[in-house]
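**Student:** Structure incoming, see below.
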Amino acid sequence: MTEQTDPGQQSDQHEECAEVRRPRGIYLLPNLFTTGALFAGFYAVIAGMGGRFEAAAVAIFIAMVFDGLDGRVARLTNTQSKFGAEYDSLSDMVSFGVAPALVAFTWVLEDLGKVGWFAAFIYAASGALRLARFNTQIGSIDKRYFMGLPSPAAAASVAGLIWFCAANEIDPAPFGYPVALYVVLAGVLMVSNVLYYSFKDVDLKGRIQFLKLAMIVLAAAVIATNPALFLWLLFLVYAFSGPLLWLWRRRPH
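Below you can see the structure in the form of structure tokens.
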């Protein structure tokens, strides 16, 4: 004798399956920071199109701050998610790949014609390749190092130059070709195999010596006196630290 199932029980089972398949929500707090980074990058493009290059450069640095906070907030609050990781990567592409390229293009590269847009495209494409490679290498390389210049640092190197020149009313027109080479070099460093120190092994919760704390406060005070200059120099030194360390490791013994 065949056992028959009550239609009411079948309906309940379908409802239970629908509840299981129902999409889960997303964590609000870390994604708010990611959205802030995305907004800052988008605003940088709009400001650059309007000729407000100092505001555009500052917006890219603000995007860096939000980008640095979203991952840390997610780890501190145990709200990491696959969605957050993908959203962060797309936000980085806009803020540190597209925005610096377009701001640099409207700033001076546009006057160079094909050379200018080619240089901007090389940077944007390198940013996309850098992010794609980073996403595929998570967990497979030493976390103390990045392979290639991180896209936020590359963006800061470009935005810092624009901020410094705009703040000091320096006309970039005579330096169009050197700026194009500079932007291309930033892009090439992103996709290079050069290792950069990641600072991920720094214990922010641990104790430090008083002298080190005093030096950090002094450095912050110096940067505050002329942020356009010192932030640009800071990230410029970091950008060149990778190739210099690479040459140091390969020196003849």
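Per our numbering, the very first residue in the sequence shown carries number 101; after that it's consecutive. Glycine included, every Cβ here is placed at the ideal spot set by N, Cα and C. What you are looking at is a predicted structure, and each value in this text was computed from that prediction instead of being measured.
Mind checking whether Ala-137 and Ser-195 have CB atoms under 7 Å apart?
**Tutor:** yes
**Student:** Do you know how far the Cα of Ala-219 is from the Cα of Val-288?
**Tutor:** 11 Å
**Student:** Find the nearest neighbour of Val-283 within the set Gly-141, Ala-199, Leu-190, judged by alpha-carbon distance.
**Tutor:** Ala-199
**Student:** Pick out whichever of Met-193, Glu-210, Thr-236, Gly-171 has its Cα sitting closest to the Cα of Lys-300.
**Tutor:** Measuring from the Cα of Lys-300, the nearest candidate turns out to be Gly-171.
**Student:** Kindly indicate the opening and closing residues of the beta strand (DSSP E) around Phe-275.
**Tutor:** Careful: Phe-275 lies outside any beta strand (DSSP E) and carries neither H nor E.
**Student:** Following the continuous beta strand (DSSP E) through Phe-246, name the residue where it begins and the one where it ends.
**Tutor:** 245-247
**Student:** Could you tell me the alpha carbon to alpha carbon distance between Ala-225 and Phe-310, rounded to whole angstroms?
**Tutor:** The straight-line gap from Cα to Cα measures roughly 44 Å.
**Student:** I believe Ile-262 touches Phe-153 by the beta-carbon criterion, under 8 Å. Please report the beta-carbon distance rounded to the nearest angstrom.
**Tutor:** 5 Å
**Student:** Can you tell me whether Asn-268 is buried or exposed, with buried defined as 16 or more other CB within 10 angstroms of its CB?
**Tutor:** exposed
**Student:** Hey, how far is the Cα of Phe-92 from the Cα of Ala-155?
**Tutor:** With the chain covering only 101 through 353, there is no way to say anything about residue 92.
**Student:** Could you tell me which of Ala-157, Leu-334, Pro-250, Thr-325 sits nearest to Thr-206, measuring between CA atoms?
**Tutor:** Ala-157
**Student:** With 16 other CB atoms within 10 Å as the buried threshold, where does Thr-325 fall?
**Tutor:** In this structure Thr-325 is exposed. Its beta-carbon is surrounded by fewer than 16 other beta-carbon atoms within 10 angstroms.
**Student:** Cβ of Met-193 within 7 Å of Cβ of Gly-248?
**Tutor:** no
**Student:** State the Cα-Cα distance for the pair Met-315 and Thr-177, rounded to the nearest angstrom.
**Tutor:** Answer to the nearest angstrom: the Cα atoms are 30 Å apart.
**Student:** Give a yes or no on whether the C-beta atoms belonging to Arg-230 and Ser-298 are separated by under 7 Å.
**Tutor:** Inclusion of Arg-230 and Ser-298 in the CB contact set at 7 Å is not warranted, their separation being larger than that value.
**Student:** Classify Tyr-187 as helix, strand or coil using the three-state DSSP reduction.
**Tutor:** Tyr-187: helix per DSSP, three-state reduction.
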